[in-house]
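*Asks:*
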Amino acid sequence: HLLFANDILLFTKADIPTLELVKDVLLNFAEVSGMKPNLDKCQIFFGNVDSGVRRRACNLLHIPEGSLPVIYLGLPLLASKMSSMDCKVLLDKLTSRTSSWMCNSLSFGGRLQLMAFVLFSIQVYWCSTFILPVAVTKECDRILRSFLWHGTAHGKKSGNVAWSRVCKPKKEGGLGFVGCRVWNQAAIMKIGWEI
Numbered sequence: 001h002l003l004f005a006n007d008i009l010l011f012t013k014a015d016i017p018t019l020e021l022v023k024d025v026l027l028n029f030a031e032v033s034g035m036k037p038n039l040d041k042c043q044i045f046f047g048n049v050d051s052g053v054r055r056r057a058c059n060l061l062h063i064p065e066g067s068l069p070v071i072y073l074g075l076p077l078l079a080s081k082m083s084s085m086d087c088k089v090l091l092d093k094l095t096s097r098t099s100s101w102m103c104n105s106l107s108f109g110g111r112l113q114l115m116a117f118v119l120f121s122i123q124v125y126w127c128s129t130f131i132l133p134v135a136v137t138k139e140c141d142r143i144l145r146s147f148l149w150h151g152t153a154h155g156k157k158s159g160n161v162a163w164s165r166v167c168k169p170k171k172e173g174g175l176g177f178v179g180c181r182v183w184n185q186a187a188i189m190k191i192g193w194e195i
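Position 186 of the sequence shown, counting from 1, maps to 186 under the UniProt record's numbering, and the rest follow consecutively.
Right, dumping it as structure tokens:
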């Protein structure tokens with residue numbers, strides 16, 4: 001199971017005895033705590049399960065079957081490896097944030113602050129959850145690079161300094177940023193280490 005705030009994700013075998021046990025646990029929880037699940041907000045997701053078993057499971061628990069992908073906490077839950085198209089939400093969010101700011105009037109330092117505290121936090125959230133496709137990490141870096149030098153996500157000219165130099169630590173003459181690909185690899189390795 002996974003818990004977050006008022007949500008719970010339960011993973012189980014899709015056989016009737018196991019699902020009856022899940023139903024009993026939910027009923028016992030409701031009886032003891034006085035709280036019961038809102039079945040209107042619940043869904044069951046199956047992987048490689050016979051349609052008859054799916055139907056019986058949904059009827060037993062009185063919960064409808066959902067279909068993937070679904071957005072949870074701003075991220076897509078997928079049944080397959082993440083593709084570049086699945087990351088369109090991330091790229092659109094980065095682009096829309098840069099477009100919504102009055103960037104032409106921002107100083108270079110102002111853009112640095114917005115990058116450090118807003119744009120990087122959006123990308124770090126995704127990087128800490130998924131192994132992003134290389135094309136997506138390159139596009140994230142391109143958006144950030146363009147915003148830094150031109151104040152927009154759609155700048156066509158190259159920057160004044162190579163992005164690899166910008167991403168060096170401050171003591172080595174860089175700005176201390178970390179490229180999306182490096183951040184993604186480090187975050188996923190950390191998850192692997194904790195397992």
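Glycine residues also receive a C-beta, built at the ideal position from the N, C-alpha and C atoms.
Just to confirm my understanding: we take Val22, look at its own chain, exclude 5 residues before and 5 after, and list those with CB closer than 8 Å. What are they?
*Replies:* Position 22 of the sequence shown, counted from the start, is the residue given in the question as residue 22. Correct list, in chain order: Leu10, Thr12, Leu61.
*Asks:* Can you find the residues in the same chain that come closer than 8 Å, C-beta to C-beta, to Arg165, ignoring five residues on each side of it along the sequence?
*Replies:* The sequence position of residue 165 within the sequence shown is 165, counting from 1. Cβ within range, chain order: Gly173, Gly174.
*Asks:* I believe Leu78 touches Phe45 by the beta-carbon criterion, under 8 Å. Please report the beta-carbon distance rounded to the nearest angstrom.
*Replies:* Residue mapping note: residue 78 aligns to position 78 of the sequence shown, counting from 1. Residue mapping note: residue 45 aligns to position 45 of the sequence shown, counting from 1. Not a contact, Cβ separation roughly 11 Å.
*Asks:* Taking contact to mean at least 3 C-beta pairs separated by less than 8 Å, is the region 99-116 in contact with the region 131-149?
*Replies:* Judged by Cβ distances under 8 Å, the region 99-116 makes contact with the region 131-149, as three or more pairs qualify.
*Asks:* How far does the beta strand (DSSP E) with Ser40 in it extend, from its first residue to its last?
*Replies:* Taking the sequence shown and counting its residues from 1, one reaches residue 40 at position 40. In the sequence under discussion, the amino acid at residue 40 is Asp, which differs from the Ser named in the question. It is not in any beta strand (DSSP E) - Asp40 carries neither H nor E in the DSSP assignment.
*Asks:* Among Asp92, Lys170, Val182, Ser84, which residue has its Cα nearest to the Cα of Ala135?
*Replies:* Taking the sequence shown and counting its residues from 1, the one referred to as residue 135 is at position 135. Closest option to Ala135, Cα to Cα, is Ser84.
*Asks:* Indicate whether the contact test is met: 3 or more Cβ pairs, each with one atom in the region 125-143 and one in the region 89-105, closer than 8 Å.
*Replies:* Yes, the region 125-143 is in contact with the region 89-105.
*Asks:* Since Pro76 is in the beta strand (DSSP E), which residue starts that stretch and which ends it?
*Replies:* Indexing the sequence shown from 1 puts residue 76 at position 76. Where Pro76 is concerned, the enclosing beta strand (DSSP E) stretches over 75-77.
*Asks:* For a test of the three-state rule: what should DSSP assign to Asp7, helix, strand or coil?
*Replies:* Counting from one through the sequence shown, the residue named residue 7 turns up at place 7. In this structure, Asp7 counts as strand in the three-state DSSP scheme.
*Asks:* Does DSSP classify Ile191 as helix, strand or coil?
*Replies:* The count along the sequence shown starts at 1 and reaches residue 191 at position 191. Here Ile191 sits in helix by DSSP.
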